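Peer 1: I'd like to ask some things about the structure below.
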Amino acid sequence: MHLRMAQRVSAPEARASHLELAALWTRLAAQADHQIDIGPEFAGEADELPEAALPRRQG
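Numbering (full-length UniProt numbering), first residue to last: 1 to 59.
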């Protein structure tokens, strides 16, 4: 959404703000995905879950 808004606005400050917000949301989403991937291991739930239910690590 913020990338689209950055393309539509004419003021450089508004464009920069929308690009910063887009970058922030991208970083937050990446962190959330990472936390979901490793969450059970650090929450102490890994021993309670069957191995098939644990998230697969990529890379």
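Quick reminder that beta carbons are idealized off the backbone N, C-alpha and C, glycines included. As the structure is a computational prediction, the values presented were derived from the model and not from experiment.
If we ignore side chains and look at the alpha-carbon of each, how far apart do H18 and R4 end up?
Peer 2: Start at 1 with the first residue of the sequence shown, and residue 18 comes out as number 18. Start at 1 with the first residue of the sequence shown, and residue 4 comes out as number 4. Cα-Cα distance, rounded: 9 Å.
Peer 1: Which whole-angstrom value is the C-beta distance of A6 and A22, which I expect to be below 8 Å?
Peer 2: As a working note, residue 6 is residue 6 in the sequence shown. As a working note, residue 22 is residue 22 in the sequence shown. Their Cβ separation, rounded to whole angstroms, is 7 Å, which keeps A6 and A22 in contact under 8 Å.
Peer 1: Using DSSP with H/G/I as helix, E/B as strand and the rest coil, what is S10?
Peer 2: Translated into the one-based positions of the sequence shown, residue 10 becomes position 10. Reduced to three states, the DSSP call for S10 is coil.
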